[in-house]
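Residue numbers (this note's numbering): 82 to 169.
All remarks here apply to the structure that follows.
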C-alpha cells in the first residue's frame, strides 16, 4: 500500500469535468485508489464519491493506492492532481 499527500493544482479545483477525468485516470489501474480529505475516504474510481469530497485548488488530499500497479497508480494520480497531465 502507498500513501501520499498531494496538493491539488487544477484551475477551478475538482468540479464535474475534472472529477470525471480523475475517475478515468484512476480507472486505468488495477489497484484500488482512494482519496482522503477532512476525515472522509472515497473510492477515486467512483464519480459520485469523488463529487462528495468537494475539493478546491490548493487543498491537499491523501492518495492511497493498493495493488499490483500501486506505484504506477500513485504516479498517475499525482501527475493529474498536480496539473502535470493535460486536461482534455
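Glycine included, C-beta positions come from ideal geometry on N, C-alpha and C.
C-alpha distance - residue i paired with residue j, whole-angstrom precision
| i | j | result |
| --- | --- | --- |
| residue 122 | residue 145 | 9 Å |
| residue 153 | residue 118 | 22 Å |
| residue 95 | residue 85 | 18 Å |
| residue 133 | residue 103 | 14 Å |
| residue 113 | residue 124 | 8 Å |
Nearest-angstrom Cβ-Cβ length linking residue i and residue j, presumed shorter than 8 Å
| i | j | result |
| --- | --- | --- |
| residue 157 | residue 106 | 5 Å |
| residue 131 | residue 89 | Residue 131 to residue 89, Cβ: 12 Å. No contact. |
Reduced DSSP category for residue i - H, G, I as helix; E, B as strand; rest coil
| i | result |
| --- | --- |
| residue 84 | strand |
| residue 116 | strand |
| residue 141 | strand |
Reference residue i, options the options, closest by Cα
| i | options | result |
| --- | --- | --- |
| residue 97 | 137, 150, 151, 155 | 137 |
| residue 159 | 101, 82, 116, 111 | 116 |
| residue 87 | 142, 161, 155, 111 | 142 |
| residue 91 | 150, 155, 148, 139 | 139 |
| residue 120 | 128, 129, 135, 112 | 135 |
Residues near residue i by beta carbon distance below 8 Å, same chain, minus five either side
| i | result |
| --- | --- |
| residue 108 | 126 |
| residue 128 | 100, 101, 104 |
Other residues of its chain near residue i: CB distance less than 6 Å, five sequence neighbours each side excluded
| i | result |
| --- | --- |
| residue 83 | 146, 151, 155 |
Contact set for residue i: own chain, Cβ-Cβ below 7 Å, skip 5 residues either direction
| i | result |
| --- | --- |
| residue 177 | Nothing in the structure corresponds to residue 177, since the chain is present only between 82 and 169. |
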